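Undergrad:
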Amino acid sequence: MALETKYADLISAAKTAGVSDLQVREQDNVLYIDGTAPSGTVKDQLWSVYNKIDPDFRAGDLVLNVNVNAAAGTKAKVITESSNLNIRKGPGTDQPIVGKAAHHEMVTILSNANDQWSLIKTDAGTEGYVYTQYLQA
Amino acid sequence: MKQIQGKTLLLGVLVLASVQFTDCKSKKADTDTSTNTTTTIDSVTTPAPAPVEISADDALKSGLVDATKDFPGVTTSVNDGEVILTGNITRDKLPTLMQAVQSLHPRKVTNNLTIK
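Going line by line, the protein sequences match chains U and A. Note that the working numbering has the first sequence beginning at 42, numbered continuously upward. Note that the working numbering has the second sequence beginning at 23, numbered continuously upward.
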């Protein structure tokens, strides 16, 4: 229970911000916080609270897994540093590249394959998987 | 004589059938009652929280290849669900890397990165 006290501000921030399916569990001296954030802004806000409690994430006593699940059919923006985003045949960097989406291009989300990969379609008609972290709903 | 035997047999069958049907009815009623009792008990008991999902080391390793692709200075190793990060990173990129790594369902993440 000690870790729940240490990260109390983070847990209450998640509740206030409307994180759904929120689960807080402590197991073998690690606290696991899972849930679905309503937006990318909320996710970033929670990570900045985490960074404030545990500067540079050094303690190794929390696994924060709060993801934003963009609904199928919605548009998302490609938020790579500056380069194009690879579109792949399957969910994994070992999969062949079938196309590219430009930096800041808007693409349509078709489905979420898992926590890491989303199936998307570009306006030009290229369909495939991209790393969800580079999409902003 | 044969006719009487036939009638007796028919009557016997009818009696047997009626007894069995009645049995069925009463059994069903019994079952219903017991189900109700079980439901009441279930609603009182609170379910135990689901155990934390931890990925297997192989799944973590392949996930880490994707997660660290854009962080050339970062090296990772996996040991029984624990992800250990070594190498160099800039402070502004650290949250992005940690978000990607912690969403892979590791048992824990040890950050031994040198922040430049």
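Each residue gets a CB set at the ideal place from its N, CA and C atoms; glycine is no exception. These figures come from a predicted structure and were not determined experimentally.
Counting only beta-carbon separations shorter than 7 Å, does alanine 155(U) have a partner in chain A?
TA: According to the sequence shown, residue 155(U) is asparagine rather than alanine. Not one chain A Cβ lies under 7 Å of asparagine 155(U).
Undergrad: What residues of chain A sit near arginine 129(U), judged by a beta carbon separation below 9 Å?
TA: Per Cβ cutoff of 9 Å: no residues; arginine 129(U) is ~10 Å from chain A at best.
Undergrad: What are the boundary residues of the alpha helix (DSSP H) that includes leucine 107(A)?
TA: That residue, leucine 107(A), is in no alpha helix (DSSP H); its beta strand (DSSP E) goes 104 to 111.
Undergrad: Which same chain residues end up closer than 7 Å to cysteine 46(A) when comparing Cβ atoms and leaving out the 5 residues on each side of it in sequence?
TA: Interpretation of cysteine 46(A) is limited by its pLDDT of 48, a score under 50 that renders its predicted location unreliable; no figure is taken from the coordinates.
Undergrad: So if I threshold CB-CB distances at 8 Å, which residues from the stretch 73 to 98 of chain A count as touching chain U?
TA: The stretch 73 to 98 of chain A vs chain U, Cβ under 8 Å: Pro73, Val74, Ser84, Gly85, Val87, Asp88, Ala89, Lys91 and Asp92.
Undergrad: Quick one: is asparagine 106(U) near chain A, going by C-beta distance under 7 Å?
TA: Closer than 7 Å: yes.
Undergrad: Excluding the 5 residues flanking aspartate 50(U) on each side, which residues of the same chain have their C-beta closer than 7 Å to its C-beta?
TA: The answer, listed in chain order, is Val90 and Ile94.
Undergrad: Give me the DSSP bridge partner(s) of lysine 141(U).
TA: Note: lysine 141(U) sits in a beta bridge opposite Asn127(U).
Undergrad: Please check the pair leucine 126(A) and alanine 89(A), which I expect to be a contact at CB under 8 Å, by giving their CB distance rounded to whole angstroms.
TA: Right, the Cβ-Cβ distance comes to about 7 Å (below 8 Å), so this counts as a contact.
Undergrad: So alanine 58(U) and valine 83(U) are supposed to be a Cβ contact under 8 Å. How far apart are they, rounded?
TA: Contact flag correct, Cβ pair sits at about 4 Å.
Undergrad: Per DSSP, what are the beta-bridge partners of isoleucine 161(U) in this structure?
TA: DSSP output for isoleucine 161(U) lists Ile150(U) and Gly169(U) as bridge partner(s).
Undergrad: For valine 96(A), which option in Asp102(A), Val105(A), Gly109(A) and Leu82(A) has the closest C-alpha, if you only look at C-alpha atoms?
TA: Nearest of Asp102(A), Val105(A), Gly109(A) and Leu82(A) to valine 96(A), Cα basis: Gly109(A).
Undergrad: Could you name the residues of the same chain whose beta carbon sits closer than 8 Å to that of valine 71(U), not counting the 5 residues immediately before and after it, in chain order?
TA: Counting only Cβ-Cβ distances below 8 Å, and skipping sequence neighbours, we find Leu44, Gly101, Asp102, Leu103 and Val104.
Undergrad: Should tyrosine 73(U) be flagged as near chain A, meaning a C-beta pair shorter than 7 Å?
TA: At least one chain A Cβ lies under 7 Å of tyrosine 73(U).
Undergrad: Quick one: which residues of the stretch 86 to 101 of chain U get their C-beta closer than 7 Å to a C-beta of chain A? List them in chain order.
TA: Listed in sequence order: Trp88, Asn92, Asp97, Phe98, Arg99 and Gly101.
Undergrad: Using 7 Å as the threshold, is the C-beta distance between valine 131(A) and glutamine 68(U) below it?
TA: Contact: no.
Undergrad: On the CB-based measure, 16 or more other CB atoms within 10 Å of its CB, does alanine 122(A) come out buried or exposed?
TA: Its Cβ being crowded by 16 or more others within 10 Å, alanine 122(A) is buried.
Undergrad: Below 7 Å on C-beta distance, what does tyrosine 17(U) contact in chain A?
TA: One cannot answer for residue 17(U) here, as it falls past the ends of chain U, which runs 42 to 178.
Undergrad: Taking the alpha-carbon of aspartate 80(A) as reference, which of Leu119(A), Asp114(A), Lys91(A) and Gly103(A) has the nearest alpha-carbon?
TA: The shortest Cα separation from aspartate 80(A) among Leu119(A), Asp114(A), Lys91(A) and Gly103(A) belongs to Gly103(A).
Undergrad: Provide the residue span of the alpha helix (DSSP H) that contains leucine 86(A), from first to last.
TA: First-last of the alpha helix (DSSP H) with leucine 86(A): 79 to 89.
Undergrad: Among Asn101(A), Leu86(A), Arg129(A) and Phe93(A), which one has its Cα closest to the Cα of isoleucine 137(A)?
TA: Measuring from the Cα of isoleucine 137(A), the nearest candidate turns out to be Phe93(A).
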